[in-house]
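Protein chains in written order, with the working numbering: chain A, 2 to 232; chain B, 2 to 232. A short worksheet on the structure shown next.
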DNA sequence: CCGCCTAAAGATATGACTTAATCAAGCCCT
DNA sequence: AGGGCTTGATTAAGTCATATCTTTAGGCGG
């Protein structure tokens with residue numbers, strides 16, 4: 002995701018530090034200090050700071066330094082910020098927030114997809130649901146994850162709403178997060194896979210209400226499982 | 002929102018140009034050219050470009066220049082990007098997207114608010130609903146807008162979900178946009194105001210289902226009105 | 001058709017200077 | 001004498017100008 006140059010290196014170090022709370026609200030960084038710490042020039046430090054600034058995680062203040070802003074100010078929809086938080090101490094809270102967001106958005110997206118999806122997208126959904134069935138039964142979690150993520154991304158894309166479409170990466174981050182942190186059973190529940198097939202069928206058939214209902218079952222189910230595991 | 006220094010000036014000029022499509026996908030800017038055009042130093046240009054980059058609106062490419070990325074790559078949840086698009090040629094599409102997002106999110110948020118809201122928040126909601134009734138009847142659109150925005154922001158805040166909470170500014174932008182661009186009747190519909198009172202009551206009473214239902218009526222109604230006006 | 005070369009443009013480094021915010025000393029008024 | 005206001009010193013970010021390094025698109029030659 003972040004294959005940048007030197008500023009990327011700073012960002013990859015500072016971002017997670019802030020996201021994890023290691024550098025709490027009000028912490029102060031100084032450009033000069035960062036130059037020394039990372040052995041880079043001001044140009045690079047400023048670039049990195051600008052990016053953190055545009056994520057609203059820090060604010061530069063003259064005569065004081067670069068100060069860390071309260072978490073409530075952060076750009077919580079920024080995929081990079083989400084990734085940092087998922088990797089750190091905030092994982093549980095972040096997964097819960099994202100879970101609720103999915104419950105709100107994905108059923109609506111599935112409903113819209115039933116009327117807006119292209120033929121290619123409908124075919125892709127059917128194929129992906131099938132693949133999920135196979136790889137799920139085989140216990141191939143890596144492939145399952147990929148198809149699961151593609152499935153949800155395709156639904157969001159097919160909704161025809163660009164804002165929904167952009168949540169595809171975010172949803173993938175959630176799915177990947179819960180797989181990688183072993184918050185999932187070794188064999189995905191058969192009923193969940195069945196629901197994916199149902200969504201695919203409903204979208205193919207243009208059945209808005211059915212698509213919405215089935216997707217709601219998927220995401221509320223996921224949220225419940227999550228709450229179980231996290232408690 | 003963006004009261005920055007010199008980089009802010011560039012941003013305030015370049016951002017809208019890109020957002021409006023005046024600088025379409027693939028357009029190329031060169032740092033040197035921007036230095037000359039705006040009469041500022043490299044440092045300033047780089048700062049501005051970095052911010053656009055972190056909004057995923059441009060990507061720098063060596064030997065080529067700063068290229069404008071396809072709209073589908075943009076960070077469409079970034080409040081600044083939203084504001085730029087609302088101000089420009091994309092207004093209609095942006096309002097539609099946001100409308101659908103509201104339909105998905107706000108009912109869920111209202112439902113959560115019914116169980117999570119603090120006493121202060123419940124009181125605030127009742128008060129705001131009352132104010133909306135008054136100012137709506139009086140035809141004081143400016144005050145009505147402020148209370149309407151506060152109402153929705155409070156609901157989103159009270160949901161206890163930080164991601165929902167962050168959509169407060171976005172919703173305000175929508176409401177403000179439709180008022181300022183005269184996409185609203187001179188006297189807000191009485192039934193809409195009534196629904197706000199209903200949401201407030203349901204939240205106060207802890208009635209999740211009712212809060213959700215009433216809020217859904219509000220936002221679907223708003224979306225329908227919008228579709229009418231835009232067609 | 002492929003691989004080497006080069007020039008163009010971003011990336012990084014650095015030193016000098018400007019601007020603005022904080023802090024504290026000093027002053028005035030009560 | 002005490003509290004509040006003014007003012008100046010200080011400090012760190014902001015801006016500018018310039019130089020060098022690195023990457024790579026696109027041309028040239030094999």
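Just so you know, even glycine gets a beta-carbon here, dropped at the ideal spot from N, CA and C. Just so you know, these numbers come straight off a predicted model, no measurement behind them.
Rounded C-alpha distance that separates residue i from residue j
i, j, result
"residue 205 (chain A)", "residue 89 (chain B)", "36 Å"
"residue 213 (chain B)", "residue 61 (chain B)", "45 Å"
"residue 78 (chain B)", "residue 172 (chain B)", "12 Å"
"residue 19 (chain B)", "residue 230 (chain A)", "45 Å"
"residue 161 (chain B)", "residue 27 (chain A)", "23 Å"
"residue 111 (chain A)", "residue 63 (chain B)", "41 Å"
"residue 152 (chain B)", "residue 101 (chain A)", "21 Å"
"residue 16 (chain B)", "residue 128 (chain B)", "38 Å"
"residue 133 (chain A)", "residue 194 (chain A)", "7 Å"
"residue 190 (chain A)", "residue 148 (chain A)", "15 Å"
"residue 210 (chain A)", "residue 48 (chain B)", "48 Å"
"residue 73 (chain B)", "residue 168 (chain A)", "12 Å"
"residue 23 (chain A)", "residue 71 (chain A)", "13 Å"
"residue 96 (chain B)", "residue 158 (chain A)", "18 Å"
"residue 200 (chain A)", "residue 104 (chain A)", "15 Å"
"residue 85 (chain B)", "residue 21 (chain B)", "8 Å"
"residue 198 (chain B)", "residue 217 (chain B)", "14 Å"
"residue 202 (chain A)", "residue 138 (chain A)", "20 Å"
"residue 222 (chain A)", "residue 192 (chain A)", "10 Å"
"residue 119 (chain B)", "residue 34 (chain B)", "54 Å"
"residue 121 (chain A)", "residue 50 (chain A)", "42 Å"
"residue 170 (chain A)", "residue 170 (chain B)", "23 Å"
"residue 113 (chain A)", "residue 65 (chain A)", "50 Å"
"residue 32 (chain B)", "residue 166 (chain B)", "38 Å"
"residue 39 (chain A)", "residue 14 (chain A)", "10 Å"
"residue 150 (chain B)", "residue 185 (chain B)", "14 Å"
"residue 94 (chain B)", "residue 164 (chain B)", "23 Å"
"residue 140 (chain A)", "residue 183 (chain A)", "14 Å"
"residue 1 (chain A)", "residue 117 (chain B)", "In this structure chain A extends from 2 to 232, so residue 1 (chain A) is not present and cannot be described."
Beta-carbon spacing of residue i, residue j below 8 Å
i, j, result
"residue 99 (chain B)", "residue 175 (chain B)", "yes"
"residue 57 (chain B)", "residue 75 (chain B)", "yes"
"residue 52 (chain A)", "residue 12 (chain A)", "yes"
"residue 196 (chain B)", "residue 215 (chain B)", "yes"
"residue 144 (chain A)", "residue 155 (chain A)", "no"
"residue 146 (chain A)", "residue 124 (chain A)", "no"
"residue 43 (chain A)", "residue 54 (chain A)", "no"
"residue 45 (chain A)", "residue 7 (chain A)", "yes"
"residue 220 (chain B)", "residue 80 (chain B)", "no"
"residue 130 (chain B)", "residue 207 (chain B)", "no"
"residue 67 (chain A)", "residue 29 (chain A)", "yes"
"residue 180 (chain A)", "residue 126 (chain A)", "no"
"residue 106 (chain B)", "residue 106 (chain A)", "yes"
"residue 69 (chain B)", "residue 9 (chain B)", "no"
Residue range of the beta strand (DSSP E) that includes residue i
i, result
"residue 59 (chain B)", "59–62"
Bounding residues of the alpha helix (DSSP H) (the contiguous stretch that carries residue i)
i, result
"residue 66 (chain B)", "Element bounds for residue 66 (chain B): not the alpha helix (DSSP H) but the beta strand (DSSP E), 66–69."
"residue 133 (chain B)", "120–139"
"residue 85 (chain B)", "80–88"
"residue 216 (chain B)", "209–231"
"residue 101 (chain B)", "92–117"
"residue 202 (chain B)", "191–206"
"residue 14 (chain A)", "7–20"
"residue 55 (chain A)", "43–55"
Those residues which DSSP pairs with residue i across a bridge
i, result
"residue 30 (chain A)", "A:67"
At which residue ranges does the segment 141–173 of chain B contain complete alpha helix (DSSP H) runs of 4 or more residues, listed in the order of the chain?
-> Restricting attention to alpha helix (DSSP H) runs no shorter than 4 residues, the segment 141–173 of chain B encloses them at 142–159, 163–166, ordered along the chain.
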